[in-house]
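2 protein chains.
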Amino acid sequence: MTRTLRRRAGRKSPEARGEQIQAAARSLALDQGLSALTLRSIAARIDVTPALVSHYQPNMDALIAATFTAIVSEEVEEVAALLAEQPTPTAGLAVLLDTLLDAERDDVTIVWVEAWAMGRRSDALAGAIRGEMDAWHDVLRGFVEQGVAAGEFETDAPDAVAWQLLGMIDGLNAQALVRWGDPGERGSMLGRAVEGMLGLRRGALASESRAGAASAT
Amino acid sequence: MTRTLRRRAGRKSPEARGEQIQAAARSLALDQGLSALTLRSIAARIDVTPALVSHYQPNMDALIAATFTAIVSEEVEEVAALLAEQPTPTAGLAVLLDTLLDAERDDVTIVWVEAWAMGRRSDALAGAIRGEMDAWHDVLRGFVEQGVAAGEFETDAPDAVAWQLLGMIDGLNAQALVRWGDPGERGSMLGRAVEGMLGLRRGALASESRAGAASAT
DNA sequence: CACGTTATTGATCATATGGTCAACAATCGG
DNA sequence: CCGATTGTTGACCATATGATCAATAACGTG
């Protein structure tokens with residue numbers, strides 16, 4: 060028995076304790092996935108009794124859903140900001156693919172994959188998932204529309220393209236999670252697929268800022 | 060307590076019982092996902108004691124991995140056969156997309172999604188996943204290569220295209236699982252993406268056998 | 001500094017899981 | 001028809017989970 064002993068926890072204000080618990084849940088989920096979130100694992104991480112964690116949350120489902128939302132919404136905002144600062148839509152597209160397919164985001168991918176699985180048994184989580192998917196979709200749709208308006212993208216269904224992008228990226232990341240062995244190659248073909256969707260000339264994405272990822276072919 | 064009473068089970072040959080258990084596991088997984096596979100749930104489905112199920116399997120991990128393999132390998136063979144009987148590679152491609160994105164395959168998608176999540180905690184399942192992904196990849200790569208040989212597809216990396224296809228399809232299906240509300244539209248843009256990957260003329264896939272799915276746009 | 005508010009704890013439930021094993025009984029061979 | 005083989009059971013364990021609640025002790029306030 061790994062009996063990590065624990066002194067009595069200091070008394071904190073409800074707000075501080077609440078935030079501490081949420082933060083612990085977030086980092087734990089990024090480390091080991093949403094399914095690793097239990098009253099006891101979270102309590103242990105901040106050196107506190109499971110009962111206390113329980114005391115600060117209506118139930119685990121809510122905590123898990125909130126943690127999911129916190130993690131994903133942060134990512135969405137991050138990427139949205141990144142896209143906003145790109146000079147052209149095409150450059151933004153290249154950055155988008157590079158960023159989202161980066162293996163360093165695997166921790167978030169694990170959260171997504173486990174959320175899909177767990178969401179089937181938790182209404183709270185299912186709702187959170189839909190909410191974040193919509194948020195992602197909004198960002199991507201807006202981005203595609205801008206590209207179309209700028210005359211760089213060509214499609215009559217930015218909405219569908221946005222969903223498609225999202226699905227493709229998620230799928231490739233989820234696969235990469237299991238396909239240890241040939242990392243890096245992930246998404247080498249994605250550029251051409253996206254070019255096809257958005258009517259870009261072939262190679263338009265490979266030549267921009269995708270220097271590193273496109274070397275393999 | 061739903062106390063479904065149970066008469067004493069008839070005595071069967073080890074082979075028959077073993078197959079019955081595997082069949083029960085398969086149908087249960089298709090109904091409720093891999094995570095619903097427990098000694099008790101399987102036992103209940105064939106009106107038998109959990110101990111008996113346990114007796115016929117080294118452990119649950121093995122049973123789950125075997126069930127996953129059974130379900131997915133059947134699907135792979137099914138699709139491979141379907142592809143083989145198509146007149147041209149392009150027609151095959153259209154059929155492939157239609158088939159795999161069909162909402163009726165959601166039961167298999169659930170199995171995949173849960174496998175990705177559970178595979179992180181079960182070596183047996185992780186191995187099975189890799190095996191089936193390779194099987195899928197082999198089928199798709201072979202198909203793409205044929206298309207290239209026939210002069211219909213254009214790519215210098217059939218291997219990467221095959222992985223890409225797999226990832227895109229899985230991702231879109233996984234998303235559709237959560238995005239109740241607008242079914243059917245799934246993959247409306249996938250055709251163009253694939254056209255881009257394989258150097259087909261725009262619309263080549265939409266006009267073939269995709270009559271039903273392409274109507275929305 | 002005393003006291004009351006309340007954050008925190010420890011003990012405890014109820015439930016679900018995988019897994020084991022001696023005992024039972026169904027079937028088959030003689 | 002009887003005995004041996006063995007498929008099957010029921011009764012258990014050990015563990016992990018979410019959750020509750022009276023009791024405790026830390027902190028702010030008067």
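Chains as they are written, first to last, in the numbering used here: chain A, 60 to 276; chain B, 60 to 276. Even glycine gets a Cβ: it sits at the ideal position worked out from N, Cα and C.
By the Cβ test, the segment 134-151 of chain A is in contact with the segment 199-208 of chain A, since at least three Cβ pairs between them sit closer than 8 Å. With respect to chain B, the C-beta atom of A265 (chain A) has no partner C-beta closer than 8 Å. Within the segment 106-160 of chain A, the runs of alpha helix (DSSP H) that reach at least 4 residues and sit entirely inside it are, in chain order, 109-115, 119-143 and 148-159.
Judged by DSSP in its simplified three-state form, E191 (chain B) adopts helix. With a beta-carbon spacing of about 11 Å, V112 (chain B) and A68 (chain B) fall beyond the 8 Å limit used to define contacts. Neighbours of G92 (chain A) in chain B, taken as residues whose beta carbon is under 8 Å from its own, are A176 and R179 in chain order. Separation of A162 (chain B) and I130 (chain A) (C-alpha to C-alpha, rounded to the nearest whole angstrom) is 29 Å. In chain B, no part has a C-beta under 7 Å from the C-beta of S100 (chain A); the shortest such distance is about 14 Å.
Straight across, the Cα-Cα distance linking A153 (chain B) with A265 (chain B) is about 8 Å. When DSSP states are grouped into helix, strand and coil, L184 (chain A) belongs to the helix group. I188 (chain A) reaches chain B at V237, counting residues in chain order whose Cβ is nearer than 8 Å. At a beta-carbon threshold of 9 Å, none of the residues of chain A lie near R260 (chain B); the nearest stands roughly 11 Å away. DSSP places T97 (chain B) in the coil class of the three-state scheme, outside both helix and strand. Considering only beta carbons, the part of the segment 209-227 of chain A lying closer than 7 Å to chain B consists of A216, A219, V220, Q223, L225, G226 and M227, in chain order.
Rounded to the nearest angstrom, the Cβ distance from F127 (chain B) to A187 (chain B) is 5 Å, consistent with a contact under 8 Å. At a cut-off of 8 Å between beta-carbon atoms, L155 (chain A) makes no contact with chain B. G262 (chain A) has its alpha-carbon roughly 57 Å from the corresponding atom of A110 (chain A).
Linking H196 (chain B) to L225 (chain B) through their CA atoms gives a straight-line distance of about 7 Å. For S72 (chain A), the secondary structure class from DSSP, reduced to helix, strand or coil, is coil.
In the assembly as shown, L184 (chain A) is a buried residue. Its beta-carbon has 16 or more other beta-carbons within 10 Å. By the Cβ-count criterion, S72 (chain B) is exposed, with fewer than 16 other Cβ atoms from all chains shown falling within 10 Å of its own Cβ. Using a Cβ-Cβ cut-off of 8 Å, L249 (chain B) counts as an interface residue toward chain A, since at least one Cβ of chain A sits closer than that to its own. Taking a beta-carbon distance threshold of 8 Å, L231 (chain A) counts as an interface residue toward chain B.
Comparing C-alpha distances from L93 (chain B) to each of B:L141, B:A194, B:G178 and B:V203 shows the shortest one belongs to B:G178. Secondary structure of S247 (chain B) (DSSP, three-state): coil. In chain order, V172, W175, A176, R179 and A233 make up the part of chain A whose C-beta sits under 9 Å from the C-beta of V172 (chain B).
DSSP places E173 (chain B) in the uninterrupted alpha helix (DSSP H) bounded by D165 to G178.
Scanning its chain for C-beta atoms nearer than 7 Å, with the 5 sequence neighbours on each side dropped, one finds around D229 (chain B) the residues W171, in chain order. For R238 (chain B), the secondary structure class from DSSP, reduced to helix, strand or coil, is coil. For E254 (chain A), the secondary structure class from DSSP, reduced to helix, strand or coil, is helix.
Among the residues facing chain B, A124 (chain A) is not included, as its CB has no counterpart in that chain under 8 Å away.
Chain order gives the chain B residues near A252 (chain A) as Q223, M227, A252, V253, G255 and M256, where near means a beta carbon separation below 8 Å. For the options B:L257, B:L249 and B:D193, the alpha carbon positioned closest to that of T214 (chain A) is the one of B:L249.
Taking CB atoms only, A194 (chain A) has no neighbour in chain B less than 8 Å away.
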